[in-house]
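Numbering (mature numbering (1 follows the signal peptide of the UniProt record, and there is no 0)), first residue to last: -24 to -1, 1 to 188.
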């Protein structure tokens, strides 16, 4: 089966839009309201508390901002297999915040989180395979990880998977599969922006097919 390369001028833009939305976080962390209690739990090895404490130090909430100390707590939680902490470590290595910037280590932590079905990480892994950042560029793997995120209900990834099927990028070209995934994304009531965007892709596909 022959696959074409990703149309990254279009596909990556879609991935980045979704990644930006996925990365948005609430600036308030309830665990930071009681630093003593959170620290006590973290010291006892509670991985969620370790992750929470990392966020407190990273954002300077309830404590003085301290990126290296945040990384120390994120690492403890990540090494216990806590996917959000693994993703946090990926982001720290990606941007060099609290650690030396390292694309390869960023990808390694990201993939560990993705393998636990952590949605944001799956979306990011797909993007990295698209761009070759921290890993060898691989459009087939990019499509595979986009599918995993799409199957979890991510509207941005559903739309992107439709685009990949429409263009035959990393998957066999298949207009019916493209229509299916566009329709899935367009039906997402919880995300009106992505729903409208997917509907435009769907309308364009249907118009193109009707002209044949």
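All C-beta atoms, glycine included, are put in the ideal place defined by N, C-alpha and C.
Keep in mind the model is a prediction, meaning the values are calculated, not measured.
Helix, strand or coil for residue 163? Go by DSSP, reduced to three states.
Secondary structure at residue 163: coil, using DSSP grouped into helix, strand and coil.
Closer than 8 angstroms is the cut-off here; do at least three beta carbon pairs connect the stretch 37 to 44 with the stretch 58 to 65?
no
To the nearest angstrom, how far is it from the Cα of residue 82 to the Cα of residue 138?
28 angstroms
What first and last residue would you give for the alpha helix (DSSP H) that runs through residue 30?
Its alpha helix (DSSP H) spans residues 23 to 35.
Is the beta carbon of residue 96 closer than 8 angstroms to that of residue 121?
Result no, Cβ atoms of residue 121 and residue 96 do not sit closer than 8 angstroms.
Counting only the same chain and skipping the five closest in sequence on each side, list residues whose C-beta sits under 6 angstroms from that of residue 70.
82
Under the three-state DSSP convention, the category residue 68 falls into:
helix
Determine, using beta-carbon pairs with one atom in the stretch 108 to 117 and one in the stretch 76 to 92, whether at least three such pairs fall under 8 angstroms.
yes
Apply the 10 Å Cβ neighbour rule to residue 131 and answer buried if 16 or more other Cβ atoms are within range, or exposed otherwise.
buried
To the nearest angstrom, how far is it from the Cα of residue 178 to the Cα of residue 114?
26 angstroms
Where residue 89 and residue 59 are concerned, what is the direct C-alpha to C-alpha distance, given to the nearest angstrom?
5 angstroms
Could you tell me if residue 87 is buried or exposed, where buried requires 16 or more neighbouring beta carbons within 10 angstroms of its beta carbon?
Buried is the call here.
In this structure, how does DSSP classify residue 42 when only helix, strand and coil are distinguished?
coil
Own chain, CB closer than 6 angstroms to residue 47, minus 5 neighbours either side, in chain order:
Excluding positions up to five away in sequence, the list reads 68, 74 and 75.
Sorted by chain position, which residues of the same chain lie with C-beta nearer than 7 angstroms to residue 155's C-beta, five sequence neighbours on each side aside?
178 and 181
Host alpha helix (DSSP H) of residue 173 (start-end)
168 to 186
Tell me the residue span of the alpha helix (DSSP H) that contains residue 88.
Counted as a single uninterrupted DSSP element, the alpha helix (DSSP H) harbouring residue 88 occupies residues 79 to 90.
With a floor of 4 residues, list each alpha helix (DSSP H) that falls wholly inside the stretch 105 to 153, ordered by position along the chain.
Counting only runs that start and end inside the stretch 105 to 153, the alpha helix (DSSP H) elements of at least 4 residues fall at 115 to 127 and 131 to 143.
Three-state secondary structure (DSSP) of residue 73
coil
Going by beta-carbon coordinates alone, are residue 16 and residue 26 separated by less than 8 angstroms?
no
Simplified DSSP state of residue 62, which is helix, strand or coil
helix
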